[in-house]
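What follows is a short report on a single structure.
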């Protein structure tokens, strides 16, 4: 879900092409898998599946998107969520309810033959479960792409890697990365291209956001940005009914954050949320390593285990191997600077 600050970003969302953003991309892995699972579907919303009914949309997304990344000098580094903070429990429960409602509506839409409604409901029912996570990590290992599990929120860890120079930018669809302090956020990197939205085809392109420019444009500090998030709602609190981004900005600029919270949300203590955004649990010392892909292992996972056609996979393997020719052994961060 993330924090809904998009209306405040006017003039700060800069369209870019893949060729404009080489470097190390610290990717919010759970968010990326969710996007692959949501988008890579048939017209009626049915995800890609093997003959045993196991979902394979995420594997297709990881394979083809990785090839596209490498061809453009983008070195992906996936960070998976670790244990969530306790105050995220309500959000997690709410998302579960949305998925369950989506599953019910999907079946109903299919029964009445409404494919557009079925597709929308199917996207709403998307879930990233342990099987999805496990198979995705196995494929990343076979591709030679580094990944790690964060101590807590993946976006927080990604932001930390950007800020300490391990990564060039953070990648997520959500704007929470900015609240976590990511100096550079790239959106739409995992979903760019032609997409079906609202029953029509649209083209989605990557966009880059600089935190410093955003804060300067609004005339606020990062702490005040977090206050805006708390007022409108984050993954860790519901927010206040009737307060949107622009009204929240006005409240914060006028120094009324504490008073409004005390009056409108007396049961919410903003301090732990503020503390979590400012000082989240992260791993400080970590160096990602990219390795040559293992074609046999990739074929074993995708073709032998999940039924992908070898004719479809072999050309992608050539694309993945191409940018890494001339490299041998493990490839560390400094090989790509």
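Residue numbers (the UniProt record's numbering): 1 to 337. Every residue, glycine too, gets a C-beta built ideally from N, C-alpha and C.
No Cβ-Cβ contact shorter than 8 Å links residue 273 with residue 260.
Residue 25 sits in a strand when the DSSP states are folded into three classes. The three-state secondary structure of residue 237, taken from DSSP, is strand. Around residue 35, the same chain offers 173, 190 and 191 as residues with beta carbons nearer than 7 Å, after the five sequence neighbours per side are excluded. Where residue 76 is concerned, the enclosing beta strand (DSSP E) starts and stops at 74-80. Excluding sequence positions up to five before and after residue 308, its CB lies within less than 7 Å of the CB of 302, all in the same chain and listed in chain order.
Residue 202 is classed as exposed because its beta carbon has fewer than 16 other beta carbons within 10 Å across all chains shown.
Counting of Cβ neighbours within 10 angstroms places residue 235 among the buried residues, the total reaching 16 or more. Shortest Cα-Cα distance from residue 296 to any of 13, 143, 18 and 29 involves 143. A distance of 8 Å or more separates the beta carbons of residue 63 and residue 128. Counting the other Cβ atoms within 10 Å of the Cβ of residue 3 gives 16 or more, which makes it buried. Per DSSP, reduced to three states, the secondary structure at residue 48 is coil, with no helix or strand assignment. Residue 138 holds the alpha-carbon nearest to the alpha-carbon of residue 299 among 247, 138, 216 and 164. Looking at the DSSP output, residue 149 shares a beta bridge with 80. Taking 8 Å as the upper bound for CB-CB distance, residue 146 and residue 73 are not in contact here, some 16 Å apart. Closest in alpha carbon position to residue 119, among 28, 220 and 44, is 44. In the displayed model, residue 15 falls within a strand according to three-state DSSP.
In terms of Cβ geometry, residue 159 and residue 182 form a close pair [threshold 8 Å]. Under DSSP, the beta-bridge partners assigned to residue 170 are 26 and 185. Annotated three-state conformation of residue 128 is coil, per DSSP. With contact defined as three or more Cβ pairs closer than 8 Å, the region 234-249 and the region 25-32 are not in contact.
For residue 313, the enclosing alpha helix (DSSP H) starts and ends at 310-321.
Taking a cut-off of 8 Å for Cβ pairs, the region 77-91 and the region 148-157 touch, as three or more such pairs fall below it. By DSSP's assignment, residue 208 forms a beta bridge with 14 and 186.
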